[in-house]
Amino acid sequence: MNYPKVSVITPSFNQGQFIEETIRSVLDQGYPNLEFSVFDGGSSDRTMEVLKKYSAQLSFWRSKKDGGQAAAINEGFQLASGDILCWLNSDDLHCANTLSTVSALLASCLDQPVVLYGGCEMFDHRTRKKTVRPPTSFSEELLETADFLDQPSVFWTRKTWEIVGPLDQSLHYGFDWEWFLRAAKVCRFQTTGSVLSRYRIHQRHKSRTGGKKRWLELLTVVRRHASPLVIQHYEFLVRRNSARWWLNKRMRLFLALQSPLGAYAGTVATLLSPPFWFLPSGIRRNTLWLISGIS
């Protein structure tokens, strides 16, 4: 059987408590044509100890001060020689057989610009509570509104990277979304129902941090790629601290109510979020719900 080479790039910085589990999730799959490299930004925790432990099983690793996460990933793909590419952050995990599943699905289109994505298991590091997110059907219009792709479950052909180009290193929070938006203009996106990764939720994961700075960066991304309507909604959220707080509050309410109330969870969550009862002209609730990732 022919196994396409898969290049996995892991950027890392002071994730010593998680990185060994990440490395094992890739190596333990036993994929026979793997190129696995770790680019560490000069960690001061136990990361170096872990990297030395697995150095014989890694294709390449280095630890030095770099230009940040996007720069480390770009460096990795510049050196990578795989037919299929992905990056896996040092606090996330691949599922068993992910690489075999992905290679089988992409083997027939390695000469084409194709992006493949699947489901993702979100798990709380503290409580170990799990939620499986199946892949959302692809829509470029929806992607311009919010990043619905779970990054650790996204893989693509080398041809894709050659056409789309590297990540924007000026971005800290939204470089993956901005790259997906560029890819959507020139690539075919396909889905698999398989759960390909596990996304760890913890106090320091980037999606939980950043505050207004993160929202300002997301606004930069939508101004490049999205419609005036979507831009208007992000500008509204950047201006209104309370709106951002309540958007997160409604999302948490929705998730808490989903099990007992089912289809009524969204309606009840909105009723319990007074700032969304009356909105400024041009601001639509449904667009805000899409931005939050919870409809």
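Per this note's numbering, residue -11 is the first one in the sequence shown, and the count goes up by one each step. Where a beta carbon is used, it is the ideal one built from N, C-alpha and C, also for glycine. Note that the structure is a prediction, hence the values are computed from the model and not measured.
- prompt: For the candidate residues N77, E129, P(-1), whose alpha-carbon lies nearest to that of L217?
  reply: Here residue 217 corresponds to residue number 229 of the sequence shown, with the count starting at 1. L217 has its Cα closest to that of E129, out of N77, E129, P(-1).
task: Could you give the DSSP three-state label for H213: helix, strand or coil?
output: By one-based count along the sequence shown, residue 213 stands at place 225. Note: H213 maps to helix in three-state DSSP.
- prompt: From V90, V102, R188, A257, pick the residue whose C-alpha is nearest to that of T10; which is it?
  reply: The sequence position of residue 10 within the sequence shown is 22, counting from 1. Here the closest residue by C-alpha is R188.
- request: Starting from W233, follow the alpha helix (DSSP H) in both directions and report where the run begins and ends.
  value: Translated into positions along the sequence shown, residue 233 becomes position 245. Per DSSP, W233 belongs to the alpha helix (DSSP H) from 229 to 249.
- request: Measure the alpha-carbon distance for R212 versus D164 and round it to whole angstroms.
  value: The residue you call residue 212 lines up with position 224 of the sequence shown. The residue you call residue 164 lines up with position 176 of the sequence shown. Spanning the two alpha carbons is a distance of roughly 14 Å.
- prompt: Is M(-11) helix, strand or coil when you go by DSSP?
  reply: Translated into positions along the sequence shown, residue -11 becomes position 1. Coil at M(-11), not helix or strand.
field: Y105 - DSSP class collapsed to helix/strand/coil
entry: The count along the sequence shown starts at 1 and reaches residue 105 at position 117. The answer is strand: DSSP assigns Y105 an E or B state.
- prompt: Using the C-alpha atoms, what's the distance from M(-11) back to F126?
  reply: By one-based count along the sequence shown, residue 126 stands at place 138. By one-based count along the sequence shown, residue -11 stands at place 1. Answer to the nearest angstrom: the Cα atoms are 31 Å apart.
- prompt: Are the stretch 38 to 56 and the stretch 11 to 19 touching, with three or more C-beta to C-beta distances below 8 Å?
  reply: yes
field: Buried versus exposed call for V209 [16 or more other C-beta atoms within 10 Å across all chains shown]
entry: Taking the first residue of the sequence shown as 1, we reach residue 209 at position 221. So V209 counts as buried.
query: Buried or exposed: which applies to N284, given that a residue is buried once 16 or more other Cβ atoms fall within 10 Å of its Cβ?
result: Residue 284 is absent from the structure shown; the chain starts at -11 and stops at 283.
message: If you follow the beta strand (DSSP E) that K118 is in, where does it begin and where does it stop?
response: The residue you call residue 118 lines up with position 130 of the sequence shown. Looking at the DSSP string, the run of the beta strand (DSSP E) that includes K118 is 118 to 121.
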